[in-house]
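Notes for the one structure printed next.
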Amino acid sequence: MNESPSPSRLDVMQALEDGWQAFRRAPWAFVLFILLVAALCGLFNGIARTGMTEAGEVRGAVGGIAVLVGGIGSTVVSLWGMTGMVRGAWLALDGQRPAFAEFSRWDGRAAGRLFLRQLTLAVVLLLIIVLAVVVGLGLTRLNEALLWVPAAVALLLLAYLTVNQTFLPYVALLEGPGPMATIQRGREMVDPAWGQVLLLLLLEAVLVMAGMLLCFVGLLVAAPVVACTSTAAYRQLFGREDRTGLLG
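In my numbering, the protein residues as written are 182 to 429.
Spelled out as structure tokens, the structure:
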């Protein structure tokens, strides 16, 4: 039976503890998958860079093809990596020891859902920035000091949306509503616990920075622990139901 979610409260420390325990159930599978994703992303990013000059210009038609291949490849790998990490973390939180095959299994429909939802959120954020710039330019005709008003409002909106869309990948992968409905779902469930989710993000950022300080080797542990922690937090707020068959 699925446990009922608690939309008004997130136990951050419990999520951290659950995330660590989940990682410990299959540490080598998590680390190897992170290494593979990082290596493939690095490969495709390198291909894209070969098509660019130091000034950031494309090196003709061949360079354009390299940039296109690199961009598409890194995007596909990122979607595959996110999908696999969510699946592996979920199984580990259920008390299982996910095999590497559970991480690496490709799910085209899940990747498509994730891509469209992330693209929609990016468009929303871009519209906020563009609107702030347009309003700001209009206000500067009255007084240059007024430029900071739309800038401050836009900054607050971006911070607000960044936090309440923390679990957008999980909603896209496990619930599967439409793009705008996914964003609305994040607002509905995260807004009552916005401060707690912000605290979670800050603590996860500390973990990532600690991993970077250890010559980046620590990231091999910090990254999957953060993924498991975020998954545990999602399960607290949204519940444990897989409505799309991602796990199957």
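A virtual CB, placed ideally from N, CA and C, is assigned to each residue, including glycine.
Within the same chain, and ignoring the five residues on either side of P350 in sequence, the residues whose Cβ sits closer than 7 Å to its Cβ are M263, V267 and L295. Rounded to whole angstroms, the separation of the alpha carbons of L302 and V316 is 21 Å. Approximately 11 Å separates the beta-carbon atoms of L320 and V334; this is outside 8 Å, ruling out the contact.
For the pair of segments examined, the stretch 190-208 was found to touch the stretch 375-395: the number of CB pairs separated by less than 8 Å reaches three. In the structure shown, V406 falls within a helical segment according to DSSP collapsed to helix, strand and coil. Assignment of beta-bridge partners to V239 by DSSP yields M233. Under the three-state reduction of DSSP output, N345 falls in the helix class. Non-local C-beta neighbours of A404 in its own chain, meaning closer than 8 Å and more than five positions away in sequence, comprise I215, V389 and G392, ordered along the chain. With a contact defined as Cβ atoms closer than 8 Å, V407 and W375 miss out at about 19 Å.
From the listed residues R416, W287, Y341 and V248, the smallest Cα separation to E356 is found for R416. Between R368 and P358 a beta carbon distance of about 12 Å is seen, past the 8 Å cut, so the two are scored as non-contacting. When DSSP states are grouped into helix, strand and coil, W287 belongs to the coil group.
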